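A.B. asks: Line order of the protein sequences matches chains A and B. For our numbering, count along the first sequence from 1 and bump the result up by 330. For our numbering, count along the second sequence from 1 and bump the result up by 330.
There are 2 protein chains.
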Amino acid sequence: MNQQYPSVLLEKAVNEFAKLPGIGPKTALRLVLHLLRQDVQAVESFGQSLITLKHDVKFCSECHNISDADICEICSDVRRDRSTVCVVENIQDVMAIENTRQYKGLYHVLGGVISPMDGISPSDLQISSLVERVKQGEINEVILALSPTMEGDTTNFYIYRKLEDMRIRMTVIARGVAQNDELQYTDEVTLGRSIVNRVMFTGKI
Amino acid sequence: MNQQYPSVLLEKAVNEFAKLPGIGPKTALRLVLHLLRQDVQAVESFGQSLITLKHDVKFCSECHNISDADICEICSDVRRDRSTVCVVENIQDVMAIENTRQYKGLYHVLGGVISPMDGISPSDLQISSLVERVKQGEINEVILALSPTMEGDTTNFYIYRKLEDMRIRMTVIARGVAQNDELQYTDEVTLGRSIVNRVMFTGKI
Chain A
331 MNQQYPSVLL EKAVNEFAKL PGIGPKTALR LVLHLLRQDV QAVESFGQSL ITLKHDVKFC
391 SECHNISDAD ICEICSDVRR DRSTVCVVEN IQDVMAIENT RQYKGLYHVL GGVISPMDGI
451 SPSDLQISSL VERVKQGEIN EVILALSPTM EGDTTNFYIY RKLEDMRIRM TVIARGVAQN
511 DELQYTDEVT LGRSIVNRVM FTGKI
Chain B
331 MNQQYPSVLL EKAVNEFAKL PGIGPKTALR LVLHLLRQDV QAVESFGQSL ITLKHDVKFC
391 SECHNISDAD ICEICSDVRR DRSTVCVVEN IQDVMAIENT RQYKGLYHVL GGVISPMDGI
451 SPSDLQISSL VERVKQGEIN EVILALSPTM EGDTTNFYIY RKLEDMRIRM TVIARGVAQN
511 DELQYTDEVT LGRSIVNRVM FTGKI
């Protein structure tokens, strides 16, 4: 669609929005016109919050999670179990696991998974820094919590090879049927694996 | 969802994005993390383009379309037919009609339609300024091009009553079956009206 915008300033703002993933030119225009209806303060607060974030945000030097300080809140929390590290793909995964309140160890954010198709190789990820963390000796379990995809499995295997000679436990999050899934619609691989990896039933899940 | 963000700056930016219509907290987070992966210049250009737009954009004093100058490009274009004014709800509608390249007159952007449910009354819209434009005597046709909804029809009727004593032609855009629509799925009102308002067939549409 070759749109004729009535204003160059409008066109510029719409084009900026349309660069975002999943935002087409029509949605971009709708969002910009929405912002234009807000007062000056609201628009400045929006624009400035992004500029400030980009300038001031840090990445934790330990786990590479996003952070306001050099060491993130999780890594600097003395109540957390420093002997366990959960390897995740990205920041959203840290947030998702934190929301479960089931994990009290530390994290290691890779920043992606190995994907030759997308040109992402191990050196683009925080894998060598994970090896360094393990070498320091404080860690005795690494939990691999990557997505159960081909890329996730490739990355799991790559990390496994890098760490297998070190004296740590390496675990991977359980795969199986999801809560409330219907068995008949569960894919074969998942269902088959959930039978092979069955666990003892003690009267409650 | 009560998300725990790893950074206050991140949370602030995500909350700003999530205020936009149709953007939930998960999408907002995805968009902000995308921006965070861009370089500083790109993020500044994004934020600044919105702030500049809000500060510097104008609304045409004639037709109320968005504009970089006091009078918009359409109103100041001497090649356009100044005797015809097309009344539309918003800026997107001007762009949509311009894209058809079928219209060479001027516009009048109401800024909405009358909607008691949403608390939008005639005084919230650019209706009195339309009456003033017509009073100046240069206009001899007003085309009503509002959406064919109850609110659009109410607004059409309100404008009709305001202008009926002036010596101008008042027209409304044709309603009927849309190009490529299947008749059997067209609603009754549209289909019925398309038969009542049939036009002479001259061998081509």
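Glycine is no exception: its CB is placed at the ideal position from the N, C-alpha and C atoms. Being a predicted model, the structure only gives us computed values, none of them experimental.
Compare the beta carbon distance of L436 (chain A) and V415 (chain A) with 9 Å and say whether it is the shorter of the two.
C.D. replies: yes
A.B. asks: Are the C-beta of T357 (chain A) and some C-beta of chain B separated by less than 9 Å?
C.D. replies: yes
A.B. asks: State the DSSP-derived secondary structure class of G435 (chain B), mapped to helix, strand or coil.
C.D. replies: strand
A.B. asks: If the cut is a Cβ gap below 7 Å, which residues of chain A does L476 (chain B) touch?
C.D. replies: What L476 (chain B) touches in chain A: nothing, since even the nearest Cβ is about 18 Å away.
A.B. asks: Starting from E471 (chain B), trace the beta strand (DSSP E) both ways and give me its first and last residue.
C.D. replies: E471 to L474
A.B. asks: Closer than 9 Å, Cβ to any Cβ of chain A: which residues of the stretch 364-393 of chain B, in chain order?
C.D. replies: H364, L365, L366, Q368, D369, V370, A372, V373, E374, S375, F376, G377, Q378, S379, L380, I381, T382, L383, K384, H385, D386, V387, K388 and C390
A.B. asks: Could you check how far apart the C-beta atoms of A343 (chain B) and L380 (chain A) are, in whole angstroms? I think they sit under 8 Å.
C.D. replies: That pair is a contact at about 5 Å.
A.B. asks: Alpha carbons only, please: which of B:G442, B:S477, B:T357 and B:K434 is nearest the one belonging to V408 (chain B)?
C.D. replies: B:K434
A.B. asks: From Q447 (chain A) to T479 (chain A), what distance separates their C-alpha atoms?
C.D. replies: Note on identity: in this sequence residue 447 (chain A) is Met, with Gln being the wrong assignment. Roughly 14 Å between the two C-alpha positions.
A.B. asks: Run through chain B and tell me which residues come within less than 9 Å of D398 (chain A), C-beta to C-beta.
C.D. replies: P336, S337, V338, L339 and L340
A.B. asks: Measuring alpha carbon to alpha carbon, tell me which of A:N420, A:I404 and A:G352 ends up nearest L474 (chain A).
C.D. replies: A:N420
A.B. asks: Would you mind telling me which residues of chain B sit closer than 9 Å to M425 (chain A), beta carbon to beta carbon, in chain order?
C.D. replies: The contacting residues are Q333, Q334, Y335, P336 and L359.
A.B. asks: With a threshold of 9 Å between beta carbons, is G352 (chain A) in contact with chain B?
C.D. replies: yes
A.B. asks: Quick check: the Cα distance between Y490 (chain A) and M500 (chain A), rounded to an integer number of angstroms?
C.D. replies: 8 Å
A.B. asks: Any Cβ of chain A within less than 9 Å of the Cβ of N527 (chain B)?
C.D. replies: no
A.B. asks: Use the C-beta contact count for D495 (chain B): other C-beta atoms within 10 angstroms, 16 or more gives buried, fewer gives exposed.
C.D. replies: exposed
A.B. asks: When the cut-off is 9 Å and only beta carbons count, does E428 (chain B) lie next to chain A?
C.D. replies: yes
A.B. asks: Between which two residues does the beta strand (DSSP E) containing R499 (chain A) stretch?
C.D. replies: Residue range R499 to V502 is occupied by the beta strand (DSSP E) that includes R499 (chain A).
A.B. asks: So, for H536 (chain B): in the same chain, excluding its five sequence neighbours on each side, which residues have a beta-carbon less than 6 Å away from its beta-carbon?
C.D. replies: What the structure shows of chain B is the stretch from 331 to 535, and residue 536 (chain B) is not part of that stretch, so it cannot be assessed.
A.B. asks: What is the DSSP secondary structure of V362 (chain B), reduced to helix, strand or coil?
C.D. replies: helix
A.B. asks: Which residues bound the alpha helix (DSSP H) around R412 (chain A)?
C.D. replies: Run containing R412 (chain A): none in the alpha helix (DSSP H); it sits in the beta strand (DSSP E), D411 to V418.
A.B. asks: Measure the C-alpha to C-alpha separation of G305 (chain B) and T516 (chain B) and round it to an integer number of angstroms.
C.D. replies: The structure shown has nothing for residue 305 (chain B), since chain B only spans 331 to 535.
A.B. asks: Rounded to whole angstroms, what is the Cα-Cα separation between G377 (chain B) and F376 (chain A)?
C.D. replies: Taking the straight line joining both Cα atoms gives about 7 Å.
A.B. asks: From the beta carbon of V417 (chain B), is the nearest beta carbon of chain A less than 9 Å away?
C.D. replies: no
A.B. asks: Beta-carbon of I450 (chain A) versus every beta-carbon of chain B: anything under 9 Å?
C.D. replies: I450 (chain A) does not count as touching chain B.
A.B. asks: Just to confirm before moving on: does the CB-CB distance between I498 (chain B) and I469 (chain B) stay below 9 Å?
C.D. replies: yes
A.B. asks: Could you tell me which residues DSSP puts in a beta bridge with S397 (chain B)?
C.D. replies: B:K388
A.B. asks: Shortest alpha-carbon distance to H364 (chain A) belongs to which of B:G352, B:D386 and B:L359?
C.D. replies: B:G352
A.B. asks: So with Cβ pairs under 9 Å, would you call I421 (chain B) a contact of chain A?
C.D. replies: yes
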